[in-house]
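The listed protein sequences derive, respectively, from chains A and B.
Residue 66 in the UniProt record's numbering sits at position 66 of the first sequence, with consecutive numbering throughout.
Residue 124 in the UniProt record's numbering sits at position 124 of the second sequence, with consecutive numbering throughout.
Here a beta-carbon is modelled for each residue, glycine too, at the ideal position from N, C-alpha and C.
Number of protein chains: 2
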Amino acid sequence: MADKTISETVEKALILLSHLAEGGHDGLSLGEAAERAGISKPTAHRLLNTLVQQAFAERPPYSRNYRLGPAISALARVGIATDLHGERWRTCLAEISAATEAAAFLFVRAGDEALCVEADFGAFLLPTLSSGIGGRVPLGLGPGSLAILAGLAESEADAILARNAPRLRLTETRTLETLSAQVRAARCNGYAFDPGEILAEVRGVAIGVVHHGNPLPMAVSTASLASRLPEERVADTCKLMRKAVAKALGAPSQPL
Amino acid sequence: MADKTISETVEKALILLSHLAEGGHDGLSLGEAAERAGISKPTAHRLLNTLVQQAFAERPPYSRNYRLGPAISALARVGIATDLHGERWRTCLAEISAATEAAAFLFVRAGDEALCVEADFGAFLLPTLSSGIGGRVPLGLGPGSLAILAGLAESEADAILARNAPRLRLTETRTLETLSAQVRAARCNGYAFDPGEILAEVRGVAIGVVHHGNPLPMAVSTASLASRLPEERVADTCKLMRKAVAKALGAPSQPL
DNA sequence: ACATATTATTCCGATTATCGGAAGATATGG
DNA sequence: CCATATCTTCCGATAATCGGAATAATATGT
């Protein structure tokens, strides 16, 4: 269905690999992994074994699951040490921060949380959910989280929201249902907006990072004082963010 | 030829991916990548495109090369933040350090260098080549480097030695040829030994990390004062290191 | 600016690996 | 110890893969 210049088998293996990250230290069982990746169990089995053989995955001694392996760790250490993409994201965030007079953040999904891996507070120090690089937020809290959820399958997003429920600061007017609706809205708008719901007077906008049409489990978000981000400027802010992210990713512009 | 439970296509793609790390920021051209991975150019082209489509690779805007992509960076950040394997390696190094009364290090290959990603100096502060976590050594200098080279194809190892020649402290008795011979010896012995050649009075032993029979571009090494590591204890030290590494990797013991 | 060499990309038919249902094995829990 | 769930292996029909050769795009030298 997709391009003819693409190997479907490898595509499945890579999807499987991406999903393995969600299992964290304990990994995923064969069935879980197969289901999340949308492939049959025998096929998943063969592909996972291939990943294991090449050390991209491994099986914890105490269980029959699969988790990310030493080869990924090696790539990770090298990637971090050589600052593989950090500089480009920092540039991206700096642009956004400068143009919007807001703090800008890059989140990546880590299991059921969003992990802040880059941040640019610009000239203004704001209280934020993640409080900067290394900070974590349960998926469902704040616009960055919502934008990441919007990139996932709806059933998966809802499952995560349910698991994170205790940490999502739910109230009478803020329920799992309203959050799920916000995720759907984000999916359809292409951005997530928090009008000061979580931290009073702090507004945020976030967009998911899309690479070649596939949503990555990453999001770029901004946070600013409500007075600095009137609703009518949200659309403009988004356009600006999308442009900056597209530049960071290279040529292929962000869709929507 | 190999196991029937393994996908050859995916195997090739993963090998390709591993080799992409060697290109650093500039990446590798199609031809280079295909050659290093040992596959034909059309196939490499298709597989690399698949990697690009899934964001595991990307093409720098200014060249036609391929390099590691945002998805790898994302996995990397998550892996580091959740300390995916760090704890196990630290335990491994601590065991080695305690048992041998020597400093212990974990190196991973980063292009033409070895990058120290974990270190345990034990009770003794020694001068070392990499001087600890984050330190870099050109491949060819020190036992850890040699052990990594020993895990590569001979032609590739020699090519790296040649490129690194200016940094390898060559002398009349220490030439590219003797180094190449040391790599071959390490490949056949299963360990690399430095009898104080680089830093006087500092001896080191290193073994490559092997996962399911495939050498990973990683090595565990020790460094201690010459008086503490007489030649006759080298074999024992190696056995001990191999056992510790096998434990760190899970069940499958280190061969040789 | 043109010609040439190099490298990347597309095409396509023969080959071969892949896919997934069903059967068998292994672990888990009562 | 048996029942249940999950994982793993088997195997033939199917469909994707492979790589040589042709073509296109880019880099290099004059």
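Nearest-angstrom beta carbon gap, residue j and residue i [assumed within contact, 8 Å]
i         : j         : result
A/Phe-107 : A/Ala-114 : 4 Å
A/Ala-244 : A/Glu-95  : 5 Å
A/Pro-76  : B/Ala-76  : It is Ala, not Pro, that sits at residue 76 of chain A in the sequence shown. Contact flag correct, Cβ pair sits at about 3 Å.
B/Asp-120 : B/Ile-160 : Contact flag wrong, Cβ pair sits at about 27 Å.
B/Arg-46  : A/Thr-5   : 6 Å
B/Ala-162 : B/Leu-176 : 6 Å
Rounded separation between residue i and residue j - CA only
i                      : j         : result
A/Val-210              : B/Leu-48  : 19 Å
B/Ser-253              : B/Arg-242 : With a pLDDT of only 41 at B/Ser-253, under the threshold of 50, the placement of this residue in the model should not be trusted; the figure read from the coordinates follows. C-alpha separation (whole angstroms): 8 Å.
B/Cys-188              : B/Ala-248 : 23 Å
A/Ile-227              : A/Arg-90  : Correcting the residue identity first, residue 227 of chain A is Ser in this sequence and not Ile. C-alpha separation (whole angstroms): 25 Å.
B/Pro-230              : B/Gly-190 : 19 Å
A/Phe-193              : A/Gly-69  : 36 Å
B/Phe-105              : B/Arg-167 : 21 Å
A/Ser-97               : A/Thr-173 : 31 Å
A/Glu-232              : A/Cys-238 : 11 Å
B/Leu-84               : A/Lys-41  : 26 Å
B/Thr-128              : A/Val-202 : 50 Å
A/Ala-235              : A/Gly-140 : 22 Å
A/Glu-22               : A/Pro-61  : 19 Å
A/Ala-44               : A/Ala-102 : 44 Å
residue 275 of chain A : B/Ile-80  : Past the edges of chain A, shown from 1 to 256, lies residue 275 of chain A, and the structure says nothing about it.
B/Phe-124              : B/Pro-138 : 24 Å
A/Gln-53               : B/Ile-198 : 36 Å
B/Pro-215              : A/Leu-170 : 50 Å
B/Glu-87               : A/Ala-74  : 14 Å
B/Lys-12               : A/Leu-225 : 51 Å
B/Arg-136              : B/Glu-118 : 12 Å
B/Gly-122              : B/Arg-184 : 31 Å
A/Thr-178              : B/Ile-207 : 56 Å
Close Cβ partners of residue i (< 7 Å) along its chain, the five nearest in sequence each way excluded
i         : result
A/Val-10  : none
A/Pro-217 : Val-108, Arg-109, Ile-148 and Gly-151
B/Gly-31  : Lys-41
B/Gly-204 : Gly-142, Pro-143, Asp-194, Ser-221, Thr-222 and Ala-223
A/Leu-20  : Gly-27, Leu-28, Ala-33, Ala-57, Tyr-66, Arg-67 and Leu-68
B/Ala-2   : Legend: pLDDT at B/Ala-2 = 49, less than 50; position of this residue unreliable, value from coordinates given subsequently. Closer than 7 Å at the Cβ level, and outside the excluded window around B/Ala-2, lies no residue.
B/Gly-134 : Cys-116
A/Arg-164 : Here residue 164 of chain A turns out to be Asn, not Arg, going by the sequence shown. So the qualifying residues of the chain are Asp-112, Pro-138, Leu-139 and Gly-140.
Contact list for residue i against chain A, beta-carbon separation under 7 Å
i         : result
B/His-211 : Ala-55 and Pro-70
B/Ser-73  : Gly-79, Leu-84 and His-85
Contacts that residue i makes with chain A (C-beta to C-beta distance below 8 Å)
i         : result
B/Asn-214 : Gln-53, Gln-54 and Ala-55
B/Gly-134 : Ala-81
Residues that residue i contacts on chain B, provided the C-beta gap is smaller than 9 Å
i         : result
A/Glu-101 : Within 9 Å Cβ-Cβ: nothing; A/Glu-101 doesn't reach chain B, min ~27 Å.
As assigned by DSSP and simplified to three states, the class of residue i
i                      : result
A/Ile-133              : coil
B/Ala-2                : With a pLDDT of 49 at B/Ala-2, under the threshold of 50, the modelled position of that residue is not reliable, and no figure is offered here.
B/Leu-225              : strand
A/Leu-256              : The predicted position of A/Leu-256 is uncertain, since its pLDDT is 45 and thus under 50; a value taken from the coordinates is nonetheless stated next. The answer is coil: DSSP assigns A/Leu-256 none of H, G, I, E or B.
A/His-85               : coil
A/Arg-109              : strand
A/Gly-27               : coil
A/Leu-51               : helix
B/Arg-233              : helix
B/Asn-101              : The sequence given here places Glu at residue 101 of chain B; Asn does not occur at that position. Looking at B/Glu-101 - three-state DSSP - the assignment turns out to be coil, as it is neither helix nor strand.
B/Leu-115              : strand
B/Arg-64               : coil
B/Pro-138              : strand
residue 279 of chain A : As shown, chain A starts at 1 and ends at 256. That puts residue 279 of chain A outside it, with no answer to give.
A/Pro-70               : helix
B/Gly-38               : coil
A/Leu-20               : helix
B/Pro-143              : helix
A/Leu-152              : coil
B/Leu-216              : strand
Interface partners of residue i on chain B, CB under 7 Å
i                      : result
A/Glu-58               : Gly-250
A/Leu-115              : Arg-77, Val-78 and Ala-81
A/Ala-110              : Val-78, Ala-81 and Thr-82
A/Ala-21               : Leu-75 and Val-78
A/Val-10               : Thr-9, Val-10, Ala-13, Leu-47 and Thr-50
residue 284 of chain A : Examination of residue 284 of chain A is not possible in this model, given that chain A is present from 1 through 256 alone.
residue 257 of chain A : Any property of residue 257 of chain A remains undetermined from this structure, which presents chain A solely from 1 to 256.
Closer than 8 Å at the beta carbon, the chain B residues around residue i
i         : result
A/Met-241 : Under the 8 Å cutoff, chain B gives no residues; its nearest Cβ is about 16 Å from A/Met-241.
A/Ser-18  : Gln-54, Ala-71 and Leu-75
A/Pro-217 : Ala-74
Cβ neighbours of residue i in the same chain (closer than 8 Å, five flanking residues each side left out)
i         : result
B/Asp-26  : Pro-60, Ser-63, Asn-65 and Arg-67
A/Phe-56  : Leu-17, Leu-68, Gly-69, Ala-71 and Ile-72
A/Glu-156 : Arg-36
B/Gly-196 : Val-202, Arg-203 and Ala-226
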